[in-house]
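Here the protein sequences line up with chains A, L and P, keeping their order. Oh and the first sequence: position 260 is 580 in the working numbering, straight run, nothing missing. Oh and the second sequence: position 157 is 656 in the working numbering, straight run, nothing missing. Oh and the third sequence: position 251 is 304 in the working numbering, straight run, nothing missing. We treat Cβ as the ideally placed atom computed from N, Cα and C, and that holds for glycine. Reviewing the structure listed below.
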Amino acid sequence: MPPALLITSLVHSIQVGSLYALMALGITLTMRVIRLPNFAHAEFVTTGAFTALVVSLFLSRSPVVILGLATLSGALVALSSHLLVFRPMSRRKLSTYSMLLVSFAVGLILRYVLFVLSDYYQLFDKRIQIPLQILVRESYLVLTNITFTIVPVSIACVIALALLLGRTALGREMRALASNPELAHILGMRVERIRSLTWLLTGATAGLAGALWGLYTFVNPLLGWLAILPVFAAAILGGLSSFAGTILGAYLVAFCENTLMQALNHYTGLTFSFKAAIPFVIIILVLLLRPQGLTGFVRRSGDLER
Amino acid sequence: MNLAVEGLNAGYGKLNVLRDLSLSFAAGQFTAILGPNGSGKSTLLRSIFGLADVFSGSITLDGNPITDLNGAEIVSLGLACVPQRNNVFDELNVGENLQLATRRMDRRETARALEAAVELFPLVAKRRDQPACLLSGGERQMLAIAMGWLSRPTLMLLDEPSAGLAPNLVNDVFQTLLQLKDQGMTLVVVEQNARSALRHCDEVFILREGRLAFAGSAEACLQDEETIKSLLGTGNTGQTLPA
Amino acid sequence: MNCRRLIAVLLVLSLSPVFASGAQDNVTLGVVMPFTGALGSFGSDFVRGVELAVAQMNAELEAAGSATRFVTASADTEGTPDGSARAVQTVVQTTGANVIVGPLTTSEVLGAKQYADENGVVLVAPASSGPAGGIPGDNIFRVMYPPDTFSAKAYARIAVTRGYQNVAILNLDDPYGNGLADRFQIEFAAAGGGSTTRITYTPDPPDLSGEIARLSADVASLSESGETAVLCVCFLGDAQKALQLALVDPLLGTVDWIGNEAMTAPELLEDASVSAFLQNADFVTVGAYSTETPLAARFAESFAEHFGNPPGPFTNYAFDAANIAMLSILAAGNDGAAVKSILPFISGHYIGTTVQGLLDDNGDQAIAWYSIYQINADGNDFESVGLYNGSADSLELDG
């Protein structure tokens, strides 16, 4: 494989992997603490991207403001979905399957609300207004301000989330709730408050990821939905429960989609149309061979599990 | 503090387990709730903590109803509960489990409480950094009781603390419970193991098919061998009772 | 009232307009368009174009004392082939329509083709251009918008005229994208062009980083044997993603770029660095040129009057397609086979908002004019710089 292709594809793997990790962590968090495989996560991501777009068009071009408000919007949408839909629904003691369908419905509604809004306010085919600058250009290696925003912000968020869960009282309570909701209730933990905070956190990371993903690609109402498949593949690689596994999974999926796909194309002539199948293949292989996920074997030793 | 149940009908969904049950727990006493499987012992405990559906009747603490309160509010009134299984957070380590129980204290209080816990539950203290899922049955039970104790309740409900434990460990558990009683805590223990329970408790309630079948002191119960046999079957109590 | 009964009542109520006006002779004109998905706003506007045509026709019929009235029945294709088949089936089975305006894209047309052919339903598609839809003798007529067999020639002529030896193609993996790219490769070779490479991408890609990296590698290897250009056959959103990546590629900024009609969009130029990139790449696009008549302006006026906003691009094509469909029904009766037989004649003699009515043996538009577009001096919009006549294969560039 030509070195140019190898290096570019590796850079892309890292960029895309960081973003997948940020999105997949939210899914793992809701899966563990709320026990919901939340497909509406895709639309929390899209909401963040659209907020970033609208803010950059009409309010401010400062990346901090843009990313900050996108984070906030994701958090608010997630919390409202919880308060208006997920909590009332879960009080009816629905099964996980029913709740999964509920999350699909919430996602669909949000997605088409975004379609209607972007049609009405003519937000289609617009770009988040942060101009691209090339910061490093070394023969094959090109790094832009977007790279230098996406990668550190994603990694910082992933680390912050890991610390929050592992080291703080709130994180401890979230893990406790994930581990045994009934005991959490019996011990008098404020379960509802922890759930709300979990949704806020999930939504915030989704909103931020959406803004960054929008910067990296392009904003449209399908943005989150199109990205959700590789993201779920990453979460499933993490066994839907381990954060370390999820992060590893995210980079692995991104690597397969970029570097491995590039190699397959180069050596076997496989066309890029098959790229969309890669997450499917990963999901099926994991479910067949290692349903407990990549890091399932460390499940019993709590330290790595965080 | 007086916990009372009046005309309680409770169960799960459409299943009615407890039928018109009325009883109350005297302050400072060690009360055992006995009865065969499916007699509604655990359901009674779960109803008190809002984990079962209360269809009618009342559960009051010093005359105030607690049926509509959430877990946090019940705990803040001085009640604690140690469920039968899944009574520790498996995926967290022992230290974290204990910290969760001291959640409502400030830093200095926490330190003091944890120190006291180490004294009361020496087994647990040695294993602070281990995940709770690696504890042995006895250690697990001790940790669960320690967690209930750390919320500084005036009344603690325990669901079969001796379930699945070797006889010497059962004794350890009851010795610990007696220590707690000496501190002035009211204890309510649901037990299958009637022998150990009757040896240590003051008051006994026996449930059968969701109704109260016997209420009285442990001695009264022990003397009434016929009642015991007919109510609890020939299992544990069929053996010679200890002197 | 239980839920199921409520739904039944609602269904009956929704069908009641069909039964309400019993005195008249009502003919249902079906409309299937994407109302949801990426092309949803196109579809909604197209339906309005059809409704306007129907309203005007009914007014004329009433004035003439005719008892015939047209009513529309529409369904959503969801922008997919199977959704399109479902939509056509739904309209036909619930209303008995024999003639349907739509669907929008070539993949939707092909999705509905089997059902239409087998059930004698005539589809009048106003905007499908993929070469794969050009099948003689079937029940599909693709009016107004010329098939891409013509535009592929236009691209080949531009490439050869500009002196490109080789072309690296990036195209959408669907009947439209593949059809255009296939035809381009044939026409480019026939016109004396050199090598071409192809990269296809799935519709609605989450991101295009791998594809663009490969495109760059293709350009690198093609450039060794002569001047190379890039041909993009993309939807606008995908083009935005692709260009964002191409901007930072060391090689893709050094060659010329050719784009399809969807890329003739000022939105692409809003980002100053993309605009600069494309100007530097001597970016040229090809778009269907409407031979507009004065009716086009009147159509736009009544559309805005009726619906409160001006018609979107190509909405007049839906308007014209509806008129051709209704005139065919009036001439031959509401019967699939009869309409199929007479529609090419009616269309060939129809002048509406454009003069493009003549159909070829495939039932496709035979008059094909294309504008050639480049970026204007301000770098914020596209301007026409020439004209390509498909029937004569002649390219005329201004100045």
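Residue-level contact by beta carbon holds for residue 300(P) and chain A, with a gap shorter than 8 Å. DSSP lists 456(A) as the beta-bridge partner residues of residue 463(A). Scanning chain L for C-beta atoms nearer than 8 Å to the C-beta of residue 489(A) yields 598 and 602, reported in chain order. DSSP links residue 515(L) through a beta bridge to 510(L). Nearest CB-CB separation between residue 353(A) and chain L: not below the 8 Å threshold. One alpha carbon belongs to residue 242(P), the other to residue 282(P), and they sit about 15 Å apart. DSSP, read as helix, strand or coil, puts residue 700(L) in coil. Exposure of residue 614(L) is indicated by the presence of fewer than 16 other C-beta atoms within 10 angstroms of its C-beta. In the three-state DSSP reduction, residue 187(P) falls in the coil class, being neither helix nor strand. Unbroken alpha helix (DSSP H) runs of no fewer than 4 residues, entirely contained in the stretch 350 to 421 of chain A, are found at 361 to 378, 383 to 401 and 407 to 411, following chain order. In terms of beta-carbon proximity, residue 91(P) lines the interface with chain A, with at least one pair separated by less than 8 Å. Under the 8 Å criterion on CB atoms, residue 563(L) is classed as non-interfacial with respect to chain A. For the pair residue 265(P) and residue 299(P), the CB atoms are nearer than the 8 Å cut-off.
Counting the other CB atoms within 10 Å of its CB gives residue 636(L) a total below 16, which places it among the exposed residues. Residue 94(P) belongs to the set of residues whose beta carbon lies under 8 Å from a beta carbon in chain A. The contact set of residue 494(A) on chain L, defined by CB atoms closer than 9 Å, is empty, because the minimum CB distance reaches about 11 Å. Looking at the DSSP output, residue 707(L) sits in a beta bridge with 710(L).
Contact residues of the stretch 432 to 446 of chain A toward chain P are 432, 435, 439, 444, 445 and 446 (C-beta to C-beta distance below 8 Å). For the pair residue 165(P) and residue 156(P), the CB atoms are nearer than the 8 Å cut-off. The straight-line gap separating the alpha-carbon atoms of residue 566(A) and residue 517(L) is approximately 46 Å. In the structure shown, residue 387(P) falls within a coil segment according to DSSP collapsed to helix, strand and coil.
Taking a Cβ-Cβ cut-off of 8 Å, the neighbours of residue 577(A) in chain P comprise 263, given in sequence order.
Residue-level contact by beta carbon fails for residue 515(A) and chain L, as no gap is shorter than 8 Å.
Of all residues in the stretch 508 to 539 of chain L, none comes within less than 8 Å of chain A when Cβ atoms are compared. Under the 8 Å criterion on CB atoms, residue 650(L) is classed as interfacial with respect to chain A. Residue pairing by DSSP places residue 310(P) opposite 283(P) in a beta bridge. Fewer than three pairs of CB atoms, one per stretch, sit closer than 8 Å, so the stretch 134 to 142 of chain P makes no contact with the stretch 392 to 400 of chain P.
Residues of the stretch 637 to 669 of chain L with a C-beta atom less than 7 Å from some C-beta of chain A are 646 and 650, listed in chain order. For residue 210(P), the enclosing alpha helix (DSSP H) starts and ends at 201 to 214.
Not a single CB atom of chain L sits nearer than 8 Å to the CB of residue 414(A).
Scanning 420(A), 536(A), 426(A) and 392(A) for the CA closest to the CA of residue 403(A) turns up 426(A). Flagged as an interface residue toward chain A: residue 590(L), by a C-beta distance shorter than 8 Å. Under the rule that a run must span 4 or more residues, the alpha helix (DSSP H) segments found entirely inside the stretch 512 to 564 of chain A read 543 to 557. Judged by DSSP secondary structure, residue 95(P) falls within the alpha helix (DSSP H) whose first and last residues are 93 to 116.
A straight-line Cα-Cα distance of about 27 Å links residue 722(L) and residue 665(L). Following the DSSP letters along the chain, one finds residue 601(L) in no beta strand (DSSP E), marked with neither H nor E.
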